[in-house]
Amino acid sequence: MPNENNSGILIYAQLTRECYVHTVFFELLNKAKELAQKLGGVDVNAVVFTVPGQIECFKEAFRNMGVNKVYYYENEIFKDYSTEYYSKLIVELVKNTKPEIMLIGATNQGRDLAPRVSGALHTGLTADCTGLDINEKGLLAATRPTFGGQLMATILCKNYPQMATIRPNVFKVNPENNYAETEFISCSANLAEIKNRVKLKEFKKIIENEINELDSAEIIVAGGKGLKNEKGFELLKRFADKIGGVIGATRVAVEMGLAPVSAQIGQTGKTVHPKIYIACGISGAVQHTIGMEGSEHIIAINNDENAPIFDIADTGIVGDFFEIAEEFLKG
Amino acid sequence: MKIALCVKQVPDTTDIRWTENNTIQREGVESVINPYDVYACEFALKLKEKLSNNAEITVFTMAPPQGEDMLRKVMALGCDNAVLISDRKFSGADTYATGLTISTAIKKMLPDFDLIVCGQFAVDGDTAQTGPSIANFLDIPQVTYVTDFTDFGEKTLTLNRVMEDGIETVETELPALVCVMTQSFEPKRPLIGGIIEASKKDVKICTLADLGLEPEKVGLRGSPTYVSRAFRNISTHNAEKFKLGVRESVDLLKERLNL
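So the protein lines, in turn, are chains L and W. Numbering (this note's numbering) for the first sequence: 268 to 598. Numbering (this note's numbering) for the second sequence: 1385 to 1643.
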């Protein structure tokens, strides 16, 4: 297909209910700027759904981060996410503005939205990428883990826009993006033409301090099923407190009721990259390691010297976590 | 209520073996039903139960011929019919082509469906895209990250779903597609009677010719994405391993923590 899509890179800017731009947008923006340079300095634009007047709150942020154009839709109805409204309007916008790449954060909302957009545009979508680059032909080379993280695949797309979703916390925010005179473009939405067949009845906020704690933690102390029971996690907590670490857990530990879901790290949990990650009683199933392999220094404590966690740890300590932690806490 | 349940057979990702060339060895690898599809199945069965069995569940899978075994296992749990969407030409499909193929099969085999139930994602590809892709081709609403249903009406279904900041209760018009995220129902065990009954039932086969799609719309050819390179994810960490006494382990730990 000849490339008529040449209006640069479009990023979906998800808003939180507290009216912040979700951090994944800034992470994607930083990466998109890099890709835009490789494409000869194309624009990096954003699309956002707001309630009337709200765009004023975000203008400074978009300017400071150097976004070229912001396409915004305003309506009271956009205070809640709607798959059908959002996807149909983005499809229309993409048809009108013809970006060559579109990026969406792989939040639950993003993963709900992105396949509806790509499907309606008859284009490809690569999910949960951990690397994005421009190849020698000027195409988006999207790299993602597959088979539980054991195999990496670099995926190309035949059609335009080339679409990808990226998990939060995979790319870093660059606070030094250049200021830009962002152009804010108000887009009109003919909502009467769109069927919205899913109605929000109720919303219950989950207050999860641990989520933010894990995101910004310099040290994470994570436990797996090797910690056996509540006592193991109590010890883990004392050990973590002693060294200023935040508690993480494997899916199995969460399912055993030893840690809250918000502490879960891995394929179905969070992706983290602290300076130090201490894996205690964690065997190292790929479903877990996929979420923590980006840590700067990994320390593993496990009494099974053949545990796969030792293959990806910088420092592997073969030994009993209970004994070592108790001794550590003695001083 | 007519329910289409979509399931996928996946290689056991905890048991992956590598060839000398760092490609995945597919022969002899155990296949399992995708765990999230088990949750989807429980969701459909629970709904059927709540509807006083006034519902019919048809299981769909796109798979090579051996997918039939899995379909019989799912039928033994209490599902009524099964469709195996199978053709060599379907292989290599990405989520777009898979969505087109499965949605076409559902339209053909269960045109008056009320609900499609999928797992939130499959543990092999982990894209979470095939469900929404099916909904897109059928132009029906979707609700993803579903934990359970709380109510249903003649043409509506009320569901709880987990979003990144909280739990939403939503009401969707039917027909709709839901992607089930967690196990909130007691798992079903196949009954001996169920297994015998399932072994007697027909598994209907849907080939490319049955679907009436053009060959260039399915499989690798019909996929807008393609893998340009696949490589083994080799850790960049040092993998230094120490076997020391307890005290020495603590000292090493302190050294590495800069204490």
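Using N, Cα and C, we set each Cβ at its ideal position, and we do this for glycine too.
- The beta carbon of Thr421(L) sits closer than 6 Å to the beta carbons of Ala408, Thr410 from its chain, once the five residues preceding and following it are set aside; these are given in chain order.
- Residues of chain L whose Cβ lies closer than 7 Å to the Cβ of Gly1550(W) are, in chain order, Phe470, Lys471, Lys472, Ile473.
- When DSSP states are grouped into helix, strand and coil, Pro1608(W) belongs to the coil group.
- Residue environment: Cys286(L) is assigned as exposed (fewer than 16 neighbouring CB atoms within 10 Å of its CB, all protein chains considered).
- Every alpha helix (DSSP H) of 4 residues or more that sits fully in the segment 278–355 of chain L is shown, in chain order, as 290–305, 322–331.
- The C-beta of Glu590(L) comes closer than 8 Å to at least one C-beta of chain W.
- Gln534: these are the residues of the segment 520–540 of chain L whose beta carbon lies less than 7 Å from some beta carbon of chain W, given in chain order.
- Counting only the Cα atoms, Ile545(L) lies some 15 Å from Thr538(L).
- At a cut-off of 8 Å between beta-carbon atoms, Ala1477(W) makes no contact with chain L.
- Collapsing the DSSP output to three states places Pro412(L) in a strand.
- Under the three-pair Cβ rule at 8 Å, the segment 332–352 of chain L does not count as touching the segment 391–408 of chain L.
- Sequence-distant Cβ neighbours of Val358(L) in its own chain, meaning closer than 7 Å and more than five residues away, are Val384, Ala387, Leu388.
- Straight-line measurement puts the Cα of Lys1588(W) at about 51 Å from the Cα of Lys300(L).
- Taking a beta-carbon distance threshold of 8 Å, Leu1637(W) counts as an interface residue toward chain L.
- In the same chain as Lys466(L), and ignoring 5 residues on each side of it, no C-beta atom comes closer than 8 Å to its own.
- Residue pairing for His564(L): DSSP places it in a beta bridge opposite Ile543(L).
- Interface annotation, Lys300(L): not in contact with chain W, CB-CB separation never under 8 Å.
- Put simply, the CB of Cys396(L) is far from chain W, with every gap to its CB atoms at 8 Å or more.
- For Arg464(L), at least one C-beta of chain W is nearer than 8 Å to its own C-beta.
- Taking C-beta atoms as the reference points, Ile566(L) and Ile584(L) count as a pair closer than 8 Å.
- Distance check between Ile568(L) and each of Ser562(L), His555(L), Lys305(L), Gly548(L) places Gly548(L) closest, using alpha-carbon atoms only.
- Asp508(L) carries a helical assignment under DSSP once its states are collapsed to helix, strand and coil.
- Cβ proximity to chain W below 8 Å picks out Glu560, His564, Ile565, Ile566, Ile568, Glu572, Phe577 from the segment 558–577 of chain L.
- With a threshold of 8 Å between beta carbons, Thr1609(W) makes contact with chain L.
- Out of Gly320(L), Ile322(L), Phe316(L), Lys355(L), the CA that lies nearest to the CA of Tyr340(L) is found in Phe316(L).
- Setting aside the 5 residues that flank it on each side, Pro1608(W) is surrounded in the same chain by Tyr1480, each with a C-beta closer than 6 Å to its C-beta; the list follows chain order.
- In the structure shown, the three-state DSSP call for Asp400(L) is strand.
- In the DSSP assignment, Arg378(L) falls within the alpha helix (DSSP H) that extends over 375–387.
- Neighbours of Met419(L) across chain W, judged by C-beta separation under 8 Å: Ala1614, Phe1615, Arg1616, Asn1617.
- For the options Ile1551(W), Ile1486(W), Asp1508(W), Gly1577(W), the alpha carbon positioned closest to that of Val1413(W) is the one of Asp1508(W).
- Look at the beta carbons and you see the segment 1599–1606 of chain W touching the segment 1472–1491 of chain W: at least three pairs across the two are nearer than 8 Å.
- Taking 8 Å as the upper bound for CB-CB distance, Ala1512(W) and Leu1561(W) are not in contact here, some 13 Å apart.
- Short of 8 Å from the beta carbon of Ser550(L), and not among the five residues preceding or following it, lie these beta carbons of its own chain, in chain order: Gly491, Lys492, Gly493, Asn569, Asp571, Ala574, Pro575, Ile576.
- Under a 10 Å Cβ-count criterion, Pro435(L) is classified as buried, with 16 or more other Cβ atoms of the shown protein chains found around its own Cβ.
- Contacts with chain L at 8 Å (Cβ-Cβ) include Val1634(W).
- No residue range can be given for Ala1439(W), since it is assigned to no beta strand (DSSP E) and is classified by DSSP as neither H nor E.
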